[in-house]
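K.L.:
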Amino acid sequence: GIAVSGADSNRVYAIIEAKEGGLYRSDDAGQHWSRINEDGRFRQRAWYFSKVYADPKSADTVYLLNTGAFRSVDGGKTFNLLPARHGDHHG
Numbered sequence: 003g004i005a006v007s008g009a010d011s012n013r014v015y016a017i018i019e020a021k022e023g024g025l026y027r028s029d030d031a032g033q034h035w036s037r038i039n040e041d042g043r044f045r046q047r048a049w050y051f052s053k054v055y056a057d058p059k060s061a062d063t064v065y066l067l068n069t070g071a072f073r074s075v076d077g078g079k080t081f082n083l084l085p086a087r088h089g090d091h092h093g
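Spelled out as C-alpha cells, the structure:
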C-alpha cells in the first residue's frame with residue numbers, strides 16, 4: 003500500500019513486500035525513497051494484509067495494519083502494537 007500525509011504532501015509512505023522490502027518513506031513527493039523499517043511483521047502477505055495509513059494531522063505518525071494494528075510517531079522508524087480485540091487488521 004501507499005499513503006500520502008495529509009499534514010505534508012511531500013511525505014509519502016509505502017509498504018513493500020520483496021527481498022529488500024519493508025516500510026519506505028519519501029520526503030520529496032516520491033522523487034527519492036528510503037527504507038526506514040524492515041521489520042517482517044509489517045509485510046506478511048502484503049498483497050492481501052498490509053495497509054499503510056498516514057495520519058492527516060502529523061507527518062510523523064503512520065499506521066500499519068496487518069495481523070496487528072501498529073502506530074509509529076517517529077516517521078516509521080519504530081512501531082508500537084495498538085491494543086485491539088481482533089487479531090486480523092487488514093483494512
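In my numbering, the protein residues as written are 3 to 93. Just so you know, even glycine gets a beta-carbon here, dropped at the ideal spot from N, CA and C. Note that the coordinates shown come from a computational prediction; the quantities given were computed from them, not determined experimentally.
With distances taken between CB atoms, is the gap from S7 to A71 smaller than 7 Å?
P.N.:
Your numbering for residue 7 matches position 5 in the sequence shown. Your numbering for residue 71 matches position 69 in the sequence shown. No. Outside cutoff.
K.L.:
What does DSSP give as the partner residue(s) for K53 in the beta ladder?
P.N.:
Translated into the one-based positions of the sequence shown, residue 53 becomes position 51. The partner list for K53 (beta bridge, DSSP) reads L67.
K.L.:
Taking all protein chains shown into account, do 16 or more other C-beta atoms lie within 10 angstroms of the C-beta of S11, making it buried, or fewer, making it exposed?
P.N.:
For the purposes of this step, residue 11 is taken as the residue at position 9 of the sequence shown. S11 comes out exposed.
K.L.:
Per DSSP, which residues does I17 bridge with? Please list them.
P.N.:
If you number the sequence shown from 1, residue 17 lands on position 15. Paired residue(s): L25.
K.L.:
Sort P85, D76, A86 by Cα distance to L25 and report the nearest one.
P.N.:
Looking up residue 25 in the sequence shown gives position 23. Of the candidates P85, D76, A86, the one whose C-alpha sits nearest the C-alpha of L25 is D76.
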